[in-house]
Amino acid sequence: MLNKEYPLHDMNLVFEMIEKSIAKGGTDPKASDEMNLLMHLYAGLPAEAVECGMMFIHGRGAEVPATSDINPLHVRLMNLLEYLEKVEYLADIPATLSNDEIKKRSDIVNSLNEHEKLFGTPLLGYQFNSGSAAPSEVKEGEEEENGGRLLLMNSQAAVFACEDIYKTSVFYEDKLGFKAAHLDDEAMPHIKLTRDNIVIVLVKGEGAITKPMREFGIDYDMYIYCSEPFLLHNEVAGNGIKIVEDLPEAKAAQKQDKNRQFVFEDIDGRHICVSQYLEG
Numbered sequence: 023m024l025n026k027e028y029p030l031h032d033m034n035l036v037f038e039m040i041e042k043s044i045a046k047g048g049t050d051p052k053a054s055d056e057m058n059l060l061m062h063l064y065a066g067l068p069a070e071a072v073e074c075g076m077m078f079i080h081g082r083g084a085e086v087p088a089t090s091d092i093n094p095l096h097v098r099l100m101n102l103l104e105y106l107e108k109v110e111y112l113a114d115i116p117a118t119l120s121n122d123e124i125k126k127r128s129d130i131v132n133s134l135n136e137h138e139k140l141f142g143t144p145l146l147g148y149q150f151n152s153g154s155a156a157p158s159e160v161k162e163g164e165e166e167e168n169g170g171r172l173l174l175m176n177s178q179a180a181v182f183a184c185e186d187i188y189k190t191s192v193f194y195e196d197k198l199g200f201k202a203a204h205l206d207d208e209a210m211p212h213i214k215l216t217r218d219n220i221v222i223v224l225v226k227g228e229g230a231i232t233k234p235m236r237e238f239g240i241d242y243d244m245y246i247y248c249s250e251p252f253l254l255h256n257e258v259a260g261n262g263i264k265i266v267e268d269l270p271e272a273k274a275a276q277k278q279d280k281n282r283q284f285v286f287e288d289i290d291g292r293h294i295c296v297s298q299y300l301e302g
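Each residue of the sequence shown is one higher than the one before, counting from 23 in my numbering.
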């Protein structure tokens, strides 16, 4: 939870505040790398996604769809902001300290390490190293060397909260050809599904977080892009999966104002949109 006042809609001003706070000193040496990584990632986002980060800052993170694949970015931003607020609090030493104040400051000092653990670690497929002009992409093999942490590569991962992650996993394995990695020994146990360059992460959840996004006014729970959706459409239909929106013929699609696409429904009622990728 944050205590300082932050701009309502200007992420640039937020990063100016972060930069000034780090310049005061007293922070971990990797705090600047963390700031630069976050700045780089936010700079590449559309305005709507950046606004979701502002919602996190102002205590409205619960309003952001839980399946958003950039939520880890917003969480890392909150981690850095909370860390800097703690460092600034510790730097302001009053003339006298009560026993309660001493204990509070001690607890804050002990909590700093939890924030600092994330500094310098990969995020959304990128990592920032000191002395670099820009973050570098993390290769898949390097990700595995980092202890299997839940890192979303190249913004290709969707996070699905499920009441029964094993039932959902079997559906994607048997019906859609995904490979599953069961990571039960993690801090947040999950199943990682992969096929080609598509990644889906299944986590245990209950209540509203498990409901399809269309119940909250969002049409699709995930987009999958491919050069020719016809083959995938035949595969999905052939495996008995419910087709919600059929694939139009190529000629008919030329008259549409959207990409050629079809939509199928998974075992939990999520609508997955498969759209044709058109090279620019």
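Every residue, glycine too, gets a C-beta built ideally from N, C-alpha and C. Remember, predicted model here, so these are calculated numbers, not experimental data.
C-beta atoms of residue i and residue j nearer than 7 Å
i    : j    : result
L106 : L63  : no
A202 : I187 : no
K224 : S191 : The residue you asked about is not Lys; residue 224 is Leu in the sequence shown. Contact: yes.
I263 : K197 : yes
V266 : E287 : yes
T49  : V131 : no
M57  : I79  : no
T232 : A183 : yes
Delimiting residues of the alpha helix (DSSP H) encompassing residue i
i    : result
V258 : 251-260
I338 : Nothing about residue 338 can be read from this structure; the chain reaches only from 23 to 302.
N58  : 53-65
F78  : 69-79
Per DSSP, cross-strand counterpart(s) of residue i
i    : result
A84  : According to DSSP, which records beta bridges pairwise, A84 is partnered with nothing at all.
K201 : T216
A183 : V225
C295 : Y245, V285
E267 : V285
Alpha-carbon spacing of residue i relative to residue j, whole angstroms
i    : j    : result
N25  : E104 : 9 Å
F284 : L60  : 34 Å
R217 : G227 : 23 Å
D55  : D129 : 25 Å
A230 : S120 : 44 Å
A53  : A259 : 50 Å
L253 : V86  : 34 Å
A117 : S133 : 24 Å
V97  : D32  : 18 Å
P270 : G147 : 34 Å
E136 : Y245 : 34 Å
N34  : E195 : 43 Å
E28  : D114 : What sits at residue 28 in the sequence shown is Tyr, not Glu. Cα-Cα distance, rounded: 20 Å.
D243 : D122 : 48 Å
P68  : I92  : 12 Å
P251 : E257 : 10 Å
F37  : N261 : 49 Å
G199 : K125 : 54 Å
G81  : E138 : 22 Å
G291 : G239 : 15 Å
R282 : A65  : 29 Å
I294 : M23  : 34 Å
I289 : H204 : 19 Å
heavy atom of the ligand MN below 6 Å from residue i C-beta
i   : result
V97 : The ligand MN is absent from the structure shown, which contains no ligands of any kind.
I'd like the ranges of any alpha helix (DSSP H) spanning at least 4 consecutive residues and lying wholly in the stretch 113-137. none
Continuous alpha helix (DSSP H) assignments of at least 4 residues falling wholly in the stretch 90-114: Secondary structure remark: continuous alpha helix (DSSP H) runs of at least 4 residues inside the stretch 90-114, in chain order: 93-113.
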